[in-house]
Structure formats: structure tokens, C-alpha cells
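For the sequence shown, our numbering begins at 437 and goes up steadily by one.
Just so it is clear, CB atoms sit at the ideal spot from N, CA and C, and this is done for glycine as well.
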Amino acid sequence: AGAAGMLLPDVPDSYGGGGGTFAHTAVVLEELTQAGVHFGFSIQNIVAHYLLAYGSDAQKCRWLPRMARGDLVGAIAMSEPAAGSDLQGIRATARRVGDCYVINGSKTFITNGWHAGLVCLAVKTDPAVAGWKGISLICVETKDLPGYRVGAALDKIGMHGQDTCELFFDDVRVPAANLLGGAEGKGFSQMMERLPYERLTVAVGAVAAAEHAVSITTKYVKERTAFGKPLLDLQNTRFTLAACKTQAQIGRVFVDNCIERFVAGQLDDVSTAMAKYWLTECQCRVIDDCLQLHGGYGYMTEYPIARMWADSRVQRIYAGTNEIMKELIAWSL
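Spelled out as C-alpha cells, the structure:
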């Protein structure tokens, strides 16, 4: 992917990226989604944008070109066994000792974790401070790092093209210079500022998946016969696909508007939450209806619609559950 120039399309070319905007990233993501390829492309981009937003020039020059080439795989480690949506509840710690941080704790559900050479890690640098104020982000280079351990790959329902695992830190020492943002205690606000990018990425993939589901299902019902005629000749089939196509088209208009506003620096957090919530719900509805039109074959993993159905479910969970998205929207009322 790096050799093909697919990684970091919206990172400046001075750091090895494609020099484009989020619109370019959206195009790549849509094509990957329609091809059924899920290899952690989005996570690589998300980590890169944490570096772009908060990293020093030395950090950017050290890590971004390697990430763009695909020589360095990035992961973002926020969630813990006892802290998912409630990021203020994280327990992993980083204690300053001289010119190093000593890190202890664990993270879970980490995409790219198995292959990650660079982990953007959310930790408590001041455990005495309650809530979000003591959280910081530290970049951890994992190669040959004493005390760092990767757990077994987690057995997921879908998204089998990308690894997801637990990470363990036992007195792991990293340079204090790896702190993002130049000062401790900025981590929570940094995560809140960058989550809209992640949520818009999820929304883009949701629309692309819904559109692709309609496309492959339309082809299937034209070829598959029942009662002596193509499935498309049945009114229920036509009406179901008409509703699915309409929902996908509404989603396309919405997400394209969000992309345009995001590139212009005008997309607000509430709109991003709406996009993530509504479009992933739409994705799951459309794919489920399309699977139903495949009949028993839709439940067989050799058919793309079955894999799409399994892959789609997590979209309503990661990057902030849809219930959290509704809360964010409700707060704006």
C-alpha cells in the first residue's frame, strides 16, 4: 500500500504523504471498502493526523515518512478493559523518571496492534488528578522494547482483514521527548479534537458499504431466479432495493456535504456525530436488507454480502458508540 502511494493521502508531501485533502482520503477509503479490503488504512491515517496536529517537527520528520512508505505501522491505544466510551476512566500510567516515562497498564481492542511499530498511547501522567486533566498522549516505538507485550489476536465477528489485540506495558521506558503536545495533561482535549476526523472516516466507509451492498445485490437479484422468473421481478424485491438505494443516496449527499465542510474547516462536532451515528445505522439496515434478498446464500461467508454484514456491525461501536453520538447531539439542543 505504501509503495502504491495509498497511505497518508492527506498528509503534506514534505512529510512523505500524498499532499491532498481529506477528500482524497475519502476516495481511497471508498475504493477499499467497495473492494472488501480492510487492512487498517484508516488507523494509519488517524495516527498520522495526531502527529500532524500535536507533534514537534522532529517527531513528524522521524515518523511520518516511514508511515507513508508503510515501513512503520501506527496504532491508537485509548480503550482499556474497564474504559471504553468513558475515556476519563483510563488507568494506564506514565510516570516521569528523569528523561523517560515509565509506562504501566494495558489496552484492548487495538486495531493494528499486532503489527504496530508506533503506538499513540493515552495514559495518566498525573494519577492524583481526577478525570480528564491528568491524561496525556505519548508515542511508543515498540521494536525490541523491554516490557512491551502484544496479546493474542482477538477473535472477532468480522473485520478479519485487520488485526485487533491487547497491548501490555510493564515498566516500559520511553523518552520523555515522545510526549505529544509539549506538556502533560493535554491528552483528553487532543483526543476530543481529533475524534471528529475518525468519526467522519467511519461515516465515509459506511456510505461506501451501503452503496456497494445495493450494487452487488441488484446484480444478484437480476441473475437469481425463483418461481420461474428473476428475483427482481418480485415486487418485494423491487421495493426493498428501492428503499435501500434511496437510503444510500441520502447518505451520499450527507457525507459529501460533511467532507466539503470538513475540508473548508467548517464542519462542527455535532454534524460529525450525526454523520457517524446515522450513516452507520443506515449501513447496517441496508446491508441486512440486502442479505435477506440473497436468501440462504446471504448467510454463507463465500458471498461478499455475508462478510459485509459481519464487518458492518462494529461501525456502530468504535470511534464512540452511537449512543454516545446521540448524547453529543442532544447536548446541542
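With a minimum length of 4 residues, the unbroken runs of alpha helix (DSSP H) contained wholly in the segment 461 to 491 fall at 477 to 490. Counting C-beta pairs closer than 8 Å gives fewer than three between the segment 658 to 672 and the segment 486 to 498, which falls short of the contact rule.
Per DSSP, the unbroken beta strand (DSSP E) holding residue 576 starts and ends at 571 to 577.
Between the C-alpha atoms of residue 465 and residue 454 there is a straight-line separation of about 14 Å. Note: residue 542 is bridge-paired with 604 in the DSSP secondary-structure output.
Cα atoms of residue 528 and residue 480: separation of roughly 22 Å, rounded to the nearest angstrom. Under DSSP, the beta-bridge partners assigned to residue 611 are 536. DSSP lists 529 and 571 as the beta-bridge partner residues of residue 560. The continuous alpha helix (DSSP H) containing residue 633 extends over residues 623 to 659. Below 8 Å, enough C-beta pairs join the segment 565 to 581 and the segment 618 to 626 to call them touching: three or more. Judged by beta-carbon spacing, residue 530 lies beyond the 8 Å limit of residue 638, meaning their Cβ atoms are not closer than that value. Take the alpha-carbon of residue 628 and the one of residue 635: they are about 11 Å apart. The Cβ neighbour count for residue 696, taken over all protein chains shown within 10 Å, is under 16; the residue is labelled exposed. With respect to the 8 Å criterion, residue 543 and residue 577 are not classified as neighbours on the basis of their beta carbons. For the pair of segments examined, the segment 549 to 558 was found to touch the segment 599 to 609: the number of CB pairs separated by less than 8 Å reaches three. Taken through DSSP and simplified to helix, strand or coil, residue 717 comes out as helix.
Judged by DSSP in its simplified three-state form, residue 592 adopts coil rather than helix or strand.
Residue pairing for residue 443: DSSP places it in no beta bridge. With contact defined as three or more Cβ pairs closer than 8 Å, the segment 698 to 718 and the segment 746 to 762 are in contact.
Looking at the DSSP output, residue 585 sits in a beta bridge with 604. A check of alpha carbon separations from residue 591 across 766, 579, 747 and 510 identifies 747 as the nearest. In this structure, residue 476 places its C-beta atom within 8 Å of the C-beta atom of residue 547. In the DSSP assignment, the residues bridged to residue 666 are 661.
Here DSSP, grouped into helix, strand and coil, assigns residue 699 to helix.
Residue nearest to residue 727 within the set 656, 594 and 549 is 656 (criterion: CA-CA distance). Counting other Cβ atoms within 10 Å of its Cβ, residue 521 stays below 16 and is therefore classed as exposed. Between residue 504 and residue 452 the beta-carbon gap is near 4 Å, inside 8 Å, which marks them as a contact. Closest in alpha carbon position to residue 551, among 667, 507 and 676, is 507. Classified as exposed, residue 585 has fewer than 16 neighbouring CB atoms from the shown chains inside 10 Å of its CB. Taking the CA atoms as reference points, residue 646 sits about 6 Å from residue 722. Going by DSSP, residue 766 is part of no beta strand (DSSP E) but of the alpha helix (DSSP H) stretching over 758 to 767.
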